[in-house]
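In our numbering, the protein residues as written are 180 to 945. Just so it is clear, CB atoms sit at the ideal spot from N, CA and C, and this is done for glycine as well. Notes to accompany the following structure.
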Ligand code: ATP
Ligand code: MG
């Protein structure tokens with residue numbers, strides 16, 4: 180069996196252990212994903228029917244790559260394997276089974292914007308303060324409930340949850356959750372979390388359906404298991420309950436989605452759930468040089484909570500890790516771009532060999548600027564998806580409405596776009612009438628005369644008739660002809676065509692691009708069902724990367740560290756290693772959040788194969804203001820013997836001005852001193868230096884107002900304006916926790932958002 184020769188002893192043992200529960204928890208780059216890939220190929224070689232295999236990956240891209248590799252070993256059989264993300268696999272199953280739980284099979288998938296719009300409407304209806312009930316907060320709370328399988332009924336009955344909401348002054352959360360759930364149901368729509376939540380409901384309440392999929396998926400495999408949430412854990416557990424042929428792989432040190440409900444306990448539970456579990460250890464890293472592996476090990480050893488692992492590399496020692504200091508974010512972009520240019524020329528590399536990884540999407544701007552100046556081709560992954568652009572969403576909303584006229588968000592989006600004289604009052608009236616008469620908004624607009632007054636009733640009636648005519652068209656035309664027909668007859672194409680600005684032209688071209696996509700789809704020979712409805716399915720689950728035509732183009736890759744999980748690149752630049760950015764400001768209040776940031780750093784450095792470069796800037800524009808930055812504590816934690824410092828860059832004349840507060844000296848300091856006094860990293864610590872140094876914000880100078888006096892904050896409320904001794908003026912965004920440990924999230928004009936423990940904060944209520 181030739182293909183098994185590409186595995187070491189342990190990997191091979193894991194691949195050959197095809198029966199029963201198997202778990203591999205091992206460090207980055209040790210071949211976990213490779214084991215899953217080979218295992219699938221091996222199963223098929225051993226005679227397992229490819230239709231009986233389910234593989235759950237973290238991204239669609241990972242699934243695609245895995246399928247390509249398996250294809251090389253087993254040929255076309257690879258096509259039949261069920262493989263994809265949790266969301267895409269279970270959306271596919273729900274398309275077949277949704278009617279069993281009362282949903283239409285052509286249900287719409289609401290994206291985050293749709294969900295937010297529903298929340299805003301509910302807050303308005305219930306007359307609730309949208310600052311206290313911030314839409315992101317509300318949505319996160321509902322999402323967390325769903326990911327823990329807490330229904331709205333259970334939510335309202337759970338004493339602890341009720342107490343939390345009551346204490347934070349948001350006693351209406353339960354009511355909002357209930358209304359949100361019923362609104363989505365009425366619209367025949369599921370949000371992202373519902374795809375898992377409703378799958379659980381389906382498997383729980385319909386034993387015959389559970390039974391069907393238990394027998395279909397005789398072999399299950401899950402990659403990146405450390406980032407599964409409870410909802411995903413339970414689906415896997417149920418599906419595997421009959422055959423117990425389940426193999427999960429992951430790395431607790433790479434768990435970076437706790438903020439979205441991922442639960443590291445799933446790994447620990449796994450051992451309890453399957454007493455005859457076989458555990459395999461993989462210790463050799465095949466991806467990175469010894470220096471890179473050593474740096475990764477030294478970073479993660481600062482975390483208290485971790486399963487002990489040995490990770491070693493037998494590759495070359497490799498270069499030391501270069502640490503670059505820049506004096507501003509723009510300069511950082513410039514230096515990194517020059518580095519890449521130089522490394523490529525000197526070593527005869529391709530642009531593809533390079534990746535730039537950052538903590539937040541906003542950091543891509545200065546990188547892009549640097550790359551553009553040197554004409555370096557690049558691609559941003561995971562940015563705004565093609566399908567999230569306004570014009571695309573508009574046209575897709577027409578498609579959505581055609582197939583599911585109850586889709587309320589699609590209706591609201593396009594009923595007056597392009598303009599047809601239907602105002603907000605009429606739209607509110609439609610929604611209200613629907614609620615009062617217990618019918619859907621579309622039923623209202625099909626009988627406009629009954630519910631609306633004369634003038635608006637006429638235009639609403641015409642709109643309803645148009646959508647009905649689209650429904651007829653999709654039954655008779657090919658997907659492409661139908662899509663073109665809708666784009667034309669809705670007036671959308673004309674509206675965009677008439678906008679001759681550069682942006683307008685761009686939008687028009689994007690619509691053309693979408694139509695091209697439909698055309699390609701309707702001409703495909705490998706699938707039977709080619710209707711527009713099939714094309715439409717799960718469009719909401721696609722990401723930018725799935726749409727990319729030039730996948731193989733030679734470009735530098737830019738992405739957040741979160742989206743780099745599982746990937747590898749010969750040369751990696753991790754940028755923005757600064758306090759309050761990485762670790763992020765939001766993570767500084769608890770050890771567990773800080774440890775998650777450190778795991779994120781571990782993920783970043785372990786993406787590199789041959790060479791790793793780390794950089795930071797000593798000043799950066801944030802919210803339109805230049806602020807001074809301090810090197811990240813994570814830099815201090817790395818064993819200095821693996822580092823090579825490059826501090827050759829000189830401060831750009833424009834970088835920074837005025838004074839800043841130097842925490843170490845506890846004094847206001849002139850900016851010209853920044854490089855020596857503010858920069859703790861300029862003298863690297865010896866290998867034995869204590870790892871964690873607590874650093875604090877270097878805010879731009881704020882001189883307290885003459886009447887500044889810290890006030891009693893026990894009555895602080897969301898929305899109040901405050902002044903902080905050092906951070907300046909701000910507004911309270913939210914309050915969390917119980918007295919005396921209430922935490923306030925405040926948006927400061929100068930430095931952005933910060934979370935403060937009220938009992939220590941020196942605040943003056945204005
Ligand atoms: P991560 O934790 O980052 O997801 P991983 O454990 O999934 O990493 P893989 O991506 O499977 O690791 O493997 C890392 C690299 O090492 C890949 O390029 C893979 O092809 C290579 N590799 C793994 N095992 C071997 C082996 N036995 N021989 C040669 N190369 C290997
Ligand atoms: Mg992997």
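Residue i CB to nearest heavy atom of the ligand ATP below 6 Å
i           : result
residue 187 : yes
residue 465 : yes
residue 430 : yes
residue 207 : yes
Residue i beta carbon near the ligand MG (any heavy atom closer than 6 Å)
i           : result
residue 581 : no
residue 226 : no
residue 745 : yes
residue 488 : no
residue 827 : no
residue 211 : yes
Coil, strand or helix - residue i by DSSP
i           : result
residue 669 : coil
residue 284 : coil
residue 339 : helix
residue 914 : strand
residue 461 : coil
residue 759 : strand
residue 699 : helix
residue 889 : coil
residue 502 : strand
residue 354 : helix
residue 961 : An answer regarding residue 961 cannot be provided, because it is not within the stretch 180 to 945 covered by the chain.
residue 865 : Legend: pLDDT at residue 865 = 34, less than 50; position of this residue unreliable, value from coordinates given subsequently. Reduced to three states, the DSSP call for residue 865 is coil.
residue 622 : helix
residue 363 : helix
residue 884 : coil
residue 303 : helix
residue 375 : helix
residue 734 : coil
residue 938 : coil
residue 429 : strand
residue 602 : coil
residue 960 : The question about residue 960 has no answer, for the chain in this structure spans 180 to 945.
residue 799 : strand
residue 466 : coil
residue 653 : helix
residue 807 : strand
residue 385 : coil
residue 316 : helix
Whether residue i touches residue j by CB criterion (7 Å)
i           : j           : result
residue 900 : residue 943 : no
residue 298 : residue 317 : yes
residue 249 : residue 220 : yes
residue 536 : residue 743 : yes
residue 356 : residue 392 : no
residue 202 : residue 409 : no
residue 649 : residue 665 : yes
residue 928 : residue 908 : yes
residue 235 : residue 265 : yes
residue 185 : residue 785 : no
residue 360 : residue 289 : no
residue 445 : residue 496 : no
residue 781 : residue 437 : no
residue 639 : residue 624 : yes
Integer-rounded CB distance, given that residue j should sit under 8 Å from residue i
i           : j           : result
residue 211 : residue 428 : 4 Å
residue 482 : residue 224 : The pair is not a contact, with the Cβ atoms about 40 Å apart (cut-off 8 Å).
residue 745 : residue 488 : Wrong, their Cβ atoms sit about 18 Å apart, outside the cutoff.
residue 501 : residue 792 : 5 Å
residue 912 : residue 930 : Not really, about 14 Å apart at Cβ, beyond 8 Å.
In chain order, what are the residue ranges of uninterrupted alpha helix (DSSP H) at least 4 long that sit wholly in the segment 505-591? 508-526, 543-552 and 569-582
Could you tell me which uninterrupted beta strand (DSSP E) segments, each at least 3 residues in length, are contained entirely in the segment 391-424, listed from first to last along the chain? 398-401
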